[in-house]
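Notes follow once the structure below has been shown.
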Amino acid sequence: MERKFTLPFLIHMMVHTTMGKHSNDQVVKVEKLLHSKQPCLGICAGKHCAKSGAKHVIRAVQAALAEAGLMGSITYKLTKCQDYCDDGPAMTVIPGAYPYVALCPDSARQVVFDHVRDGRPVHRRLHKRFRRKLERRLA
Ligand code: FES
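In this text, residue positions in the sequence shown follow our numbering: the first is 26, and each later residue adds one.
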């Protein structure tokens with residue numbers, strides 16, 4: 026008998042088999058994503074972000090990408106630590122390397138809709154150093 030897995034089950038398995046494990050092949054360094062030309066969301070799966078609730082952020086991003094109709098045009102990858110451990114969960118939007126920190130499911134959803142879909146970065150969720158740099162550039 027052929028066994029069929031539902032999308033939510035596969036997502037659940039992916040999240041639970043990769044969170045906090047840095048040796049897994051599915052978890053890449055964010056720098057590797059920056060070198061690729063593909064639009065991508067790099068969601069930190071490091072142990073500090075995992076403890077801060079990254080799995081909820083991942084689920085929210087997956088749902089928001091599907092809801093926004095972006096599943097085919099942008100991918101997301103789980104990454105190793107992005108060096109924002111005190112401000113996790115962290116997610117970097119590529120291109121541009123926009124580092125979002127202290128995400129919750131609602132703010133992750135907002136990043137997908139406002140930044141990824143509409144091209145308007147969510148300033149208040151960016152890491153403070155990057156936010157100041159961006160604001161100086163826009164001034
Ligand atoms: S564990 Fe996520 S930024 Fe360090």
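For every residue, glycine included, the Cβ atom is placed at its ideal position computed from N, Cα and C.
Item, Value
"Beta-carbon spacing of Val117, Val55 below 7 Å", "In the sequence as displayed, the identity of residue 117 is Thr instead of Val. Going by C-beta atoms, Thr117 is nearer than 7 Å to Val55."
"Three-state secondary structure (DSSP) of Ile83", "helix"
"Bounding residues of the beta strand (DSSP E) (the contiguous stretch that carries Cys102)", "Position check: residue 102 holds Lys in this sequence, whereas Cys was assumed. Its beta strand (DSSP E) spans residues Thr100 to Thr104."
"Identity of the residue in Ala85, Cys65, His81 and Asp111 nearest Tyr123 by Cα", "Cys65"
"Anticipated Cβ contact below 8 Å, Ala70 with Arg134, distance rounded", "Contact flag wrong, Cβ pair sits at about 19 Å."
"Element boundaries [beta strand (DSSP E), containing Cys65]", "Cys65 to Cys69"
"beta-carbon Cys74 near the ligand FES non-hydrogen atom, thresh 6 Å", "yes"
"Reference Ile119; option with closest CA among Gly67, Val53 and Val52", "Gly67"
"DSSP-derived helix/strand/coil call for Asn120", "Correcting the residue identity first, residue 120 is Pro in this sequence and not Asn. Reduced to three states, the DSSP call for Pro120 is coil."
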